[in-house]
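**Q** Using our numbering, read the sequence shown as starting at -11 and increasing by one per residue. In this text, a Cβ means the ideal position worked out from N, Cα and C, and glycines have one as well.
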Amino acid sequence: VPVLAIGKMTLNRNVDNYFAETEQVAFCLSHIVPGIDFSNDPLLQGRLFSYLDTQLKRLGGPNFHEIPINRSLAPVHNNQRDGHMRQTINKGQVSYGPNLLNDNYPKQAKQSEGGFSSVYERVDGPKIRRRSKSFLDFYSQARLFWNSQSDVEKMHIVKALRFELSHVQVEWIRERTLVQLAQIDHDLASRVAEGLGMDVPSAEGVQLNYGAIGADDNPADFQSIPAKANVGSSPHLSIAADSPINKGKGSAKTRQIAILATDGADVAAIGELMKTLSDAGAQSAIVATHLGTLKGKDGEQILVNWTFQSTSSALFDAVYVAAGAGSVSKLKQDADA
-11 VPVLAIGKMT LNRNVDNYFA ETEQVAFCLS HIVPGIDFSN DPLLQGRLFS
39 YLDTQLKRLG GPNFHEIPIN RSLAPVHNNQ RDGHMRQTIN KGQVSYGPNL
89 LNDNYPKQAK QSEGGFSSVY ERVDGPKIRR RSKSFLDFYS QARLFWNSQS
139 DVEKMHIVKA LRFELSHVQV EWIRERTLVQ LAQIDHDLAS RVAEGLGMDV
189 PSAEGVQLNY GAIGADDNPA DFQSIPAKAN VGSSPHLSIA ADSPINKGKG
239 SAKTRQIAIL ATDGADVAAI GELMKTLSDA GAQSAIVATH LGTLKGKDGE
289 QILVNWTFQS TSSALFDAVY VAAGAGSVSK LKQDADA
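(1) Where in the region 239 to 270 do unbroken runs of the alpha helix (DSSP H), each at least 4 residues long, occur, reported from the N-terminal end onward?
(2) Who does V275 pair with in a DSSP beta bridge?
(3) Which two residues bound the contiguous alpha helix (DSSP H) that contains A181?
(4) Cutting at 8 Å between CB atoms, please list the residues of its own chain near V146, excluding the five before and the five after it.
(5) Quick check: what's the CA-CA separation for T165 versus S154?
(6) Let me check understanding here. Comparing Cα to Cα, which of T264, G287 and V307 lies closest to A276?
(7) What did DSSP end up calling Q327 once you bin it into helix, strand or coil?
(8) Beta-carbon separation of A310 and I227 under 8 Å?
(9) Can you find the residues in the same chain that come closer than 6 Å, C-beta to C-beta, to N2, ignoring five residues on each side of it along the sequence?
(10) Can you tell me where the alpha helix (DSSP H) holding A130 begins and where it ends?
(11) What are the partner residues of Y308, as DSSP defines its beta bridges?
(12) In whole angstroms, what separates the C-alpha of L44 from that of V21?
(13) Using a Cβ-Cβ cutoff of less than 6 Å, which residues in the same chain neighbour K216 once the five nearest sequence positions on both sides are dropped?
(14) Taking only runs of the alpha helix (DSSP H) that begin and end inside the region -8 to 71, which ones reach a length of at least 4 residues, in chain order?
(15) Would you mind reading off the limits of the alpha helix (DSSP H) that contains L319?
(16) Can you tell which of D305, T250 and L303 has its C-alpha closest to the C-alpha of L279?
(17) Please report how far the alpha carbon of L61 lies from the alpha carbon of H53, in whole angstroms.
(18) Would DSSP call K115 helix, strand or coil?
(19) Identify the residues that DSSP records as bridge partners of K283: which are they?
(20) Could you check whether Q168 and L196 sit closer than 8 Å to each other, using their CB atoms as the reference points?
(21) Measuring straight from C-alpha to C-alpha, what distance separates H65 and E109?
(22) Using 8 Å as the Cβ pair cut-off and three pairs as the minimum, do the region 262 to 277 and the region 198 to 212 touch?
(23) Within the same chain, show all residues whose beta-carbon is closer than 6 Å to that of N87, passing over the 5 residues directly before and after it, in chain order.
(24) Do you know how far the Cα of R119 is from the Cα of N92?
(25) On the CB-based measure, 16 or more other CB atoms within 10 Å of its CB, does I274 come out buried or exposed?
(26) Would A313 pass as a contact of G252 if the rule is Cβ separation under 8 Å?
(27) Have a look at E192 and D25 and give me their C-alpha separation to the nearest angstrom.
(28) Give the range of the alpha helix (DSSP H) segment to which L149 is assigned.
(29) Do G49 and H72 come within 8 Å of each other at the CB atom, strictly closer than that value?
(30) My output table needs one value for L303: the three-state DSSP class, helix, strand or coil.
(31) Are F296 and D324 closer than 8 Å when you measure CB to CB?
(32) W160: buried (16+ other C-beta within 10 angstroms of its C-beta) or exposed?
(33) Once you ignore the five residues that flank E163 on each side, which residues in its own chain have a CB closer than 8 Å to its CB?
(34) Can you list, in chain order, the residues of its chain with a C-beta nearer than 6 Å to that of G262? Leave out the 5 residues immediately preceding and following it.
(35) So, under 8 Å CB-CB, L303 and I290 are touching, yes? Tell me the CB distance rounded to an integer number of Å.
(36) Nearest-angstrom Cα distance between S100 and G34?
Next up, the structure:
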């Protein structure tokens, strides 16, 4: 199934309070709005209970929806009353309907008033415990993802697989994993196998799928079909500007650039670089051996953002080493640089 872009979400600022706005967010799939409805799949319907139960326990009670980050934009007037951490102060004697004590409020809103309505759809057919045959294509989606990566991203994937499989002590499990990887891409499997000191085993006679097979089913009916040979690639699956599909179209926007420098650096060149990066939508930071200001080779000064001890290379997309003989020689002597 190719990736289909259905919209755009723009993140334009960081949160003001990480705990209040991130840790307390309650993603509760049992809370829906008109136009969205529950799946007819009994398994997915059952999972709805777990989301509500999670928020009840994680956020301290039934009123988690009244925490500011979870509160709906429109006021909610329903049958819920009291409970731990209740914030709404409800007036009146009743919380049910129909009633004669409060003009029959609260009551269900009409659809014309914005009340909820189920999505209109026709549903028919026998209800059975079976999967669609489309579920038997285990590898085409993974092949599409692999094809869409840049060389650097592919290297990261290979190294990650080597790392994880090198911790697997049972050799035949490593062999089975290599067989699985070969169904995605033989080059991927070969590169991972090289790091494990192994050859890619043949898939002949290997049952690729052992799990999720019913007690009364034939395992042969639940093996994957061969991956599609020409799945192509998708620009949505790579974050690297030099990926095969993004090449020449990459953007510096939002990229974080570390400028390594210390006293004796070419401050004028650093200033020009920072302006160029800013104009391109990137953000830069000077990382040096000390905080405060750097003294340039011609006596200029520039403010330092971080030291080598207070930040990490993992926080940056690229590194630039500033020119200046004095600065470069000092950086070479600093192991942290």
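**A** Reading off the structure:
(1) Listed in chain order, the alpha helix (DSSP H) runs fully inside the region 239 to 270 are 255 to 267, counting runs of at least 4 residues.
(2) DSSP lists L248 and W294 as partners of V275.
(3) Here the alpha helix (DSSP H) through A181 covers H174 to L184.
(4) Here the set comprises L176, R179, V180 and G183.
(5) Going from the Cα of T165 to the Cα of S154 covers about 12 Å.
(6) Minimum Cα distance to A276 is reached at V307.
(7) Absent from the structure is residue 327, since the part of the chain shown begins at -11 and ends at 325.
(8) No, Cβ-Cβ distance for A310 and I227 is not below 8 Å.
(9) Answer for N2: no residue qualifies.
(10) For A130, the enclosing alpha helix (DSSP H) starts and ends at S128 to N135.
(11) BP columns for Y308 point to I247.
(12) The C-alpha of V21 is placed about 20 Å away from the C-alpha of L44.
(13) Here the set comprises S128.
(14) With a minimum length of 4 residues, the unbroken runs of alpha helix (DSSP H) contained wholly in the region -8 to 71 fall at 30 to 46.
(15) Start and end: A313 to Q321.
(16) Closest by alpha carbon: T250.
(17) Taking the straight line from one Cα to the other gives about 11 Å.
(18) Coil at K115, not helix or strand.
(19) In the DSSP output, where bridge partners are listed per residue, K283 has Q289.
(20) It is a contact, given that the beta carbons lie within the stated cut-off.
(21) Here the C-alpha atom of H65 lies approximately 29 Å from the C-alpha atom of E109.
(22) Contact between the region 262 to 277 and the region 198 to 212 is absent, because fewer than three Cβ pairs lie under 8 Å.
(23) Around N87: no qualifying Cβ.
(24) N92 and R119 have their C-alpha atoms some 47 Å from each other.
(25) So I274 counts as buried.
(26) Yes, these two residues count as a Cβ contact at 8 Å.
(27) If you take the alpha carbons of E192 and D25, they lie about 45 Å apart.
(28) Taken as a continuous stretch (DSSP letters only), the alpha helix (DSSP H) holding L149 covers D139 to L153.
(29) Yes; because the gap between Cβ atoms is below 8 Å, this pair is in contact.
(30) Helix, per DSSP.
(31) For F296 and D324, yes; Cβs fall inside 8 Å.
(32) That one is exposed.
(33) So the list reads M186 and P189, once near-sequence residues are dropped.
(34) The sequence shown places Met at residue 262, rather than the Gly named in the question. Contacts found: S272.
(35) Their Cβ separation, rounded to whole angstroms, is 20 Å, which puts L303 and I290 out of contact at 8 Å.
(36) CA-to-CA, the gap between S100 and G34 works out to about 30 Å.
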